[in-house]
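Asks: Numbering-wise, the sequence shown is residues -18 to -1, 1 to 337 according to mature numbering (1 follows the signal peptide of the UniProt record, and there is no 0). The beta-carbon is built from N, C-alpha and C at its ideal position, and this holds for glycine as well.
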Amino acid sequence: MKALVALILLVQLPIHKALPAAPPAPLGCDDPESEAAAQAAVNYINAHSHHGYKFALNRIEDVRLVPQGPNNDILFLELDLLETKCPILSPTPLENCTVRSFTEHAVEGDCDVKLQKVDGTFSVLASKCHSHADSSEDILRICPDCTLLASLNDTEVLETVSAALNDYNSKSTDPYLRLLEIGRAKIQYYPAHAVVAEFAVGATNCSAEEAKASVQACQLLPKDQSNFGFCTAVMVKRPSQDLRVDCQLYGHQVPIPAIPLLSRPGVTYAHPGQDTSAGLAPSAVGFTTHNLGLSHSNPVASESSSSEVFRSMLSAKSVTKRAVAEAAQHDKVPRPVGFVPPPPPCPGKIRHFDI
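1) If you run the structure through DSSP and keep just helix, strand and coil, what is LEU202?
2) According to the neighbour-count rule (16 or more other Cβ atoms, all chains shown, within 10 Å of its Cβ), is ALA20 buried or exposed?
3) Below 6 angstroms CB to CB, which residues in the same chain sit around ILE332 once its five sequence neighbours on both sides are set aside?
4) Per the DSSP calculation, PRO49 is bridged to which residue(s)?
5) Need the endpoints of the beta strand (DSSP E) that ILE121 sits in, please.
6) What residues in its chain sit with their C-beta under 7 angstroms from that of HIS234, if we drop five residues either side in the sequence?
7) Is HIS175 a contact residue of the ligand ADP, with contact defined as CB to any heavy atom under 7 angstroms?
8) Can you tell which of PRO327, ILE337, HIS334, PHE335 has its C-alpha closest to the C-alpha of ASP13?
9) Buried or exposed: where does GLU163 fall if 16 or more other Cβ atoms within 10 Å of its Cβ makes it buried?
10) Following the continuous beta strand (DSSP E) through LYS194, name the residue where it begins and the one where it ends.
11) When you compare only the Cα positions, how much space is there between HIS30 and ILE121?
12) For ALA167, which residues in the same chain have their Cβ closer than 6 angstroms to its Cβ, ignoring the five residues on either side in sequence?
13) Find out if the Cβ-Cβ distance for the pair ALA193, TYR150 is shorter than 8 angstroms.
14) With the cut-off set at 8 angstroms, would you say LEU161 and THR186 are in Cβ contact?
15) For LEU130, which three-state DSSP category applies?
16) Just mark GLY10 as buried or exposed, buried being the case when its beta carbon has 16 or more other beta carbons within 10 Å.
17) For GLN223, does the three-state DSSP call read helix, strand or coil?
18) So the candidates are GLY102, LEU274, ILE27, GLY91; which of them puts its Cα closest to the Cα of residue 343?
19) List the endpoints of the continuous beta strand (DSSP E) containing SER113.
20) Within 10 angstroms of the Cβ of PHE335, are there 16 or more other Cβ atoms? Answer buried if so, exposed if not.
21) If we define contact as Cβ-Cβ less than 8 angstroms, is ARG220 a contact residue for chain C?
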């Protein structure tokens, strides 16, 4: 009898063995760690962008964390960004930049970013972005009277920028300003025919008088004296003619050690020696905005090439999609009356507005 009891207890023993620890809950898009990673990613994207305006975070679409070891994780992020009113050249901190409203014809950026977190510090390994203006149909559906973005190389836009810059230079005692690029423009036809343009400028080694003699000889100031700025011009054509231009120069900015001056935002698209009085066609010919168009790999990243990085991004996305599908099947399990399911971990909250 004792032997039988012992045998029964022996059989039951594995039942009481400790179960393995449950895997950690997946990282949510609105978790503090995700938001910290997204902020690091947005700062990196703005620091490596060369055209247009700074972008701000609107929503974290997806996040996936892959542990690599103690205090070492890889994170994959999908981000929705929105264009702000701060030119990429502006020294204004991103947190002080106003996101352009929907009715101002908003521009959205979509980014995939891979980061590494070591001992609590994030570093971006690779990023890939593109941007686009909201569709005209969406804008006019909500705001029929809103003015839409005009092509950056529209004849009226180029005429307005040229006239405004010539007018500003003729009245200024400061160094002659040269056009770097046109940022955005709108053409209004009612109640008045008016053109509004925003454009980036750089100070040259010429005065306005010297530029009249030979504008081709005017070059941007050397890096230890560089001075860039941004202008807004309004040209009214009908019923009466009027031209207003306002330029803000940012003063000399000390180059960031990791980003040489000629690779810093807003500088690489200068066209040496071109006469701005004739109107400088921007790089984004035929488009209404500059595409964020960023594809960048950190040179100190462990991956041998950006293609490997983005292959791993795609792999992470497919794993995430499978996990979402499995969770959906799991949610079909009957729940008690009154059960309120927790919110999905992704996508995250919208910080400004949805496009």
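Replies: This is what the structure gives:
1) Counting from 1 along the sequence shown, the entry for residue 202 is found at position 220. In the structure shown, LEU202 sits in a strand (DSSP, three-state: E or B).
2) Position 38 of the sequence shown, counted from the first residue, corresponds to residue 20. Classification of ALA20: buried, given that the 10 Å Cβ count is 16 or more.
3) Taking the sequence shown and counting its residues from 1, one reaches residue 332 at position 350. Closer than 6 angstroms at the Cβ level, and outside the excluded window around ILE332, lie ARG41.
4) Here residue 49 refers to the residue found at position 67 of the sequence shown. In DSSP, PRO49 forms a bridge with ASP55.
5) Within the sequence shown, numbered from 1, the residue matching residue 121 stands at position 139. Element bounds for ILE121: not the beta strand (DSSP E) but the alpha helix (DSSP H), 118 to 124.
6) Looking up residue 234 in the sequence shown gives position 252. Closer than 7 angstroms at the Cβ level, and outside the excluded window around HIS234, lie GLN207, SER208, ASN209.
7) Summarising the ligand content, the structure contains no ligands, and the ligand ADP is consequently not present.
8) Counting from 1 along the sequence shown, the entry for residue 13 is found at position 31. Considering only alpha carbons, the answer is PRO327.
9) Counting from one through the sequence shown, the residue named residue 163 turns up at place 181. With 16 or more other Cβ atoms within 10 Å, it is buried.
10) Residue mapping note: residue 194 aligns to position 212 of the sequence shown, counting from 1. Not the beta strand (DSSP E): LYS194 falls in the alpha helix (DSSP H), residues 190 to 195.
11) Position 48 of the sequence shown, counted from the start, is the residue given in the question as residue 30. Position 139 of the sequence shown, counted from the start, is the residue given in the question as residue 121. Their Cα atoms are separated by approximately 30 angstroms.
12) Here residue 167 refers to the residue found at position 185 of the sequence shown. If we look at ALA167 and ignore the five residues flanking it on each side, its Cβ neighbours are ALA132, VAL139, ALA179.
13) Counting from 1 along the sequence shown, the entry for residue 193 is found at position 211. Counting from 1 along the sequence shown, the entry for residue 150 is found at position 168. No, the Cβ-Cβ distance between ALA193 and TYR150 is not below 8 angstroms.
14) As a first step, residue 161 is located in the sequence shown; it is residue number 179 there, counting from the start. As a first step, residue 186 is located in the sequence shown; it is residue number 204 there, counting from the start. Contact flag unset, no.
15) Position 148 of the sequence shown, counted from the first residue, corresponds to residue 130. Looking at LEU130 - three-state DSSP - the assignment turns out to be coil, as it is neither helix nor strand.
16) The residue you call residue 10 lines up with position 28 of the sequence shown. With 16 or more Cβ atoms within 10 Å of its Cβ, GLY10 is classed as buried.
17) For the purposes of this step, residue 223 is taken as the residue at position 241 of the sequence shown. Of the three classes helix, strand and coil, the one that applies to GLN223 here is coil, per DSSP.
18) Absent from the structure is residue 343, since the part of the chain shown begins at -18 and ends at 337.
19) Counting from one through the sequence shown, the residue named residue 113 turns up at place 131. 103 to 115 is the span of the beta strand (DSSP E), which, as asked, contains SER113.
20) In the sequence shown, the residue the question calls residue 335 occupies position 353. Label assigned to PHE335: exposed.
21) The question asks about chain C, but that chain is absent: this structure has only one protein chain.
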